[in-house]
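Colleague:
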Amino acid sequence: MKTIDYYMSLPYRLEIIPDKDEPGYTAYYPDLPGCMTCADSLDEIIANALDAKRVWLEAAIDSGLEISEPLDENSNEYSGQFKIRMPKSLHRSLAVHAKKEGISMNQYCNYLLSMNDTRHATKIISV
Numbered sequence: 001m002k003t004i005d006y007y008m009s010l011p012y013r014l015e016i017i018p019d020k021d022e023p024g025y026t027a028y029y030p031d032l033p034g035c036m037t038c039a040d041s042l043d044e045i046i047a048n049a050l051d052a053k054r055v056w057l058e059a060a061i062d063s064g065l066e067i068s069e070p071l072d073e074n075s076n077e078y079s080g081q082f083k084i085r086m087p088k089s090l091h092r093s094l095a096v097h098a099k100k101e102g103i104s105m106n107q108y109c110n111y112l113l114s115m116n117d118t119r120h121a122t123k124i125i126s127v
């Protein structure tokens, strides 16, 4: 069985976001669902994030939950390509919009996917 020290030593990605409405920050670990904290300063947010990570991991171990290890950002697992099937009408619509923008359909689809992914990430943070 893996220990708390093992998981604490792993390089989990920490995201820190300034609060739009008040002074301070929110931090979360994308690979540890629900592991988040907030603080007034950057020094505090880093310390709080480490505490939150430890508490989250301890609770997960005590509960027997499966703990995901951090994703390796440099892994060869992702090639940057995938195939997608879609209705002909959507294909046509995407091609028309890309042409209006003066870019390739690949660039246009990349733009749309990036925008939606960003919105999705923002919704997760604001919950």
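Taking this note's numbering, the leading residue of the sequence shown gets 1, the next gets one more, and so forth.
For glycine and all other residues, C-beta sits at the position ideal for the given N, C-alpha and C.
As the structure is a computational prediction, the values presented were derived from the model and not from experiment.
1. With distances taken between CB atoms, is the gap from C38 to Y29 smaller than 8 Å?
2. Using a Cβ-Cβ cutoff of less than 6 Å, which residues in the same chain neighbour A52 once the five nearest sequence positions on both sides are dropped?
3. Once you ignore the five residues that flank V127 on each side, which residues in its own chain have a CB closer than 6 Å to its CB?
4. Measure the Cβ-Cβ separation of I4 and I45 and say whether it is below 8 Å.
5. Measure from the alpha carbon of I61 to the alpha carbon of each residue in Y6, D117 and S79, then state which is nearest.
6. Do you know how far the Cα of A95 is from the Cα of G64?
7. With H, G and I counted as helix, E and B as strand and the rest as coil, what does DSSP make of E15?
8. Taking C-alpha atoms, which residue in L42, C109 and R54 lies nearest to M86?
Modeller: The relevant details are as follows:
1. no
2. C35 and T37
3. Since pLDDT at V127 reaches only 39, below the 50 mark, its modelled position is unreliable, and the value read off the structure follows with that caveat. Closer than 6 Å at Cβ, skipping near neighbours: no residue.
4. no
5. Y6
6. 49 Å
7. strand
8. C109
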